[in-house]
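Chemist: Note that numbering that gives the first Met the number 0 gives residue 119 to position 120 of the sequence shown, counting from 1, and the numbers run on in steps of one.
Glycine included, every Cβ here is placed at the ideal spot set by N, Cα and C.
These figures come from a predicted structure and were not determined experimentally.
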Amino acid sequence: MKSGISRKEYVASPVNFVGDHPALNFINTLHMVGSKLTDTWQSDEDVAAWIVREGLRDTVPSTTWPDGSLLRKARQLREIARKAVEARKAKKTLPLDELNGFLERSVSHCVLSARSRIDLHFERVYGQKTVEQYLAPVAESVAELLSHGDFDLIRHCEGEQCVLWFYDRTKAHRRRWCSPQLCGNRAKVEAFRARARRS
Ligand SMILES: [Zn+2]
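Pasting the structure below:
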């Protein structure tokens, strides 16, 4: 399967994992490149490859849907997720109907399989007849974040133009930036310039 970027490039780019939770990495697939809001996804293949890289599914779809439908639905779910995370963070009433619509269409069951006589594996397997079914683990990850996430630790990067969210899992819980190499560094340079201007 083809995708816009290789796995190596994906892993090497710090922006892809700053969320530290699949649902936040999901929202973060729309991010700033320079001063331009840029979508990591431009095709169905990009979305499917992202889902596999995040570990939300083991395989890209074996079913084919109308061209562009996975991209369209994934973008729709991403906006639902973003609004829900923003509302939850601001302690506002959560719009749940649309997310529940995705969850309702999720089809899954558990399977017990044997790797050897003494190694049994128990896992949940998701349907993939429709794009909503393929996106089910993503929708569930968003629901899991909203219901179980600690929103004192789920924050928006303090970078002025930044749109990225992250789950602060540091020991001191003082994380302020999506990444020290990105906004953290920019803030340090600006603070240095401000001090230089004053002196
Ligand atoms: Zn940032």
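Hey, H108 and V124: beta-carbon distance below 8 Å or not?
Modeler: Taking 8 Å as the Cβ cut-off, H108 and V124 qualify as a contacting pair.
Chemist: In angstroms, rounded to a whole number, what distance separates the CA positions of V46 and A138?
Modeler: Distance between the alpha carbons of V46 and A138 is about 14 Å.
Chemist: At a threshold of 7 Å, does C109 count as lining ligand 1 (C-beta to nearest heavy atom)?
Modeler: No; taking the cut-off as 7 Å, the Cβ of C109 has no heavy atom of ligand 1 nearer than that.
Chemist: How is the alpha helix (DSSP H) around W49 delimited, first residue to last?
Modeler: Note, W49: alpha helix (DSSP H), 43-52.
Chemist: Could you tell me whether the Cβ atoms of R81 and I26 are closer together than 8 Å?
Modeler: Cβ distance < 8 Å, so R81 and I26 count as in contact.
Chemist: What is the rounded straight-line gap between the Cα of I79 and the Cα of L181?
Modeler: Between I79 and L181, the C-alpha separation is close to 26 Å.
Chemist: Whose CA, out of R71, T63, T62, lies closest to the CA of W40?
Modeler: Of R71, T63, T62, the residue nearest in Cα terms is R71.
Chemist: Tell me whether C182 sits in a helix, a strand or coil according to DSSP, three-state version.
Modeler: In this structure, C182 counts as helix in the three-state DSSP scheme.
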